[in-house]
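These notes concern the structure reproduced below.
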Amino acid sequence: MTDVREREKIAREIEKTSESIRKKHRALTTGRIEEDMALSKHFKPLSSRCDFSSTTPAKRESRDEDAASALKRVKKKEEEKEEEKEEEEASETFEVLRGDKRKGDYVYGVYLHKDGLMFGNKRFDVDDADNIIIDGVRYAGTPGLYELIFKRIPDDLYTEDDMNKYKSMLVATNANKHKHHSQGRLLSNWGYKYKHIIAPLMSMTPKPNKKSGKGLPRSTTLNENAIDYVHWDDPNELVDRLRLLDASHRAGNNAHDNEMLSIIEELREAGLIIN
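Read the sequence shown against our numbering and you will find it ends at 259, with the numbers running on by one and no gaps.
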């Protein structure tokens, strides 16, 4: 009789344990299980309530390994979520800095690279206090300085100190030179930023166009400042020139990439390109 009662008791314990395991499995599949449950509660009912002769050290070791694996999976998911969150925050931060795409500076400004944000040929970093770090030098991140770096036509927020810092950045990064190389030609054009900020800042005031030769087409006119293209009276001619350069680029000729950027900048300022 005692054996029968003992077996019934064990059967009830097994039933309770099975129900507990099913509940925990449902919680796990719905994402509500907590990290500490993976170790302290996941297999505890089996080991503490029943002492079966079939529970060998090998099986206990197997359960421990399962629990450890469950914990690793939970931690891995949390790490992946944290990484995704950081990537989203970085992307949002960059979009905030760039602001309206139509106002962004795509010639001299910050750009995305496989190594991160770049300004010219140097990494562009921002600390928790919004200070800008370039090539180991920390610059106070004022609104005016951010305008100078990111905007095609900066608002009048920048001070003389901001201008001096911006000049220092251009010198350090070669952001105003072709391929961001110290010996590269100037990324000069007739855009607002070059004419009113960069050229005066670097003591390179743009000079008027000068024709040489009777009947020389405006498309081949060069000025003394070796600007990549000249101002065109007819925007249709400018678009035609851009099409020719694009066809050349598609054919593998990258020698005119700078001129293409300058033409796009001119068309954007004329309101013919809105993005």
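Every residue gets a Cβ at the ideal spot worked out from N, C-alpha and C, and that includes glycine.
If the five residues before and after TYR95 are omitted, its C-beta is found closer than 7 Å to the C-beta atoms of MET102, all from its own chain and listed in chain order. Only buried fits SER246, as 16 or more other CB atoms lie within 10 angstroms of its CB. Rounded to the nearest angstrom, the Cβ distance from VAL110 to ILE116 is 6 Å, consistent with a contact under 8 Å.
Pairing ASN242 with HIS164 gives a Cβ-Cβ distance that is not under 8 Å.
Rounded to the nearest whole angstrom, the C-alpha separation of HIS240 and ASP139 is 30 Å. Contact check for ALA156 against TYR92 fails: the beta carbons are separated by 8 Å or more. Pairing GLU250 with LEU222 gives a Cβ-Cβ distance under 8 Å. By the C-beta density criterion, LYS56 is exposed, having fewer than 16 other C-beta atoms within 10 angstroms. Here the alpha carbons of GLU63 and LEU170 stand approximately 45 Å from one another. Shortest Cα-Cα distance from LEU154 to any of PRO127, TYR123 and GLY175 involves TYR123.
Check the Cα spacing between ILE248 and each of LYS60, ASP89 and GLU49: the tightest is with ASP89.
For GLY100, the uninterrupted beta strand (DSSP E) segment begins and ends at 100 to 103. The continuous alpha helix (DSSP H) containing TYR130 extends over residues 127 to 134. In the structure shown, TYR92 falls within a coil segment according to DSSP collapsed to helix, strand and coil. Using a Cβ distance threshold of 8 Å, LYS135 and LYS98 do not count as a contacting pair. The beta carbon of ASN105 lies closer than 7 Å to those of THR157, ASN158 and HIS164 in the same chain, with the five residues before and after it left out. For the pair ASN220 and GLY168, the Cα-to-Cα distance works out to about 30 Å. Taking the CA atoms as reference points, ASP146 sits about 55 Å from ALA52. For the pair LYS151 and ASP112, the Cα-to-Cα distance works out to about 24 Å.
If you look at TYR142, you'll find it isn't in any alpha helix (DSSP H); DSSP assigns it neither H nor E. Here the alpha carbon of ILE137 sits roughly 33 Å from the alpha carbon of ALA235. Here ARG122 carries a strand assignment [DSSP, helix/strand/coil].
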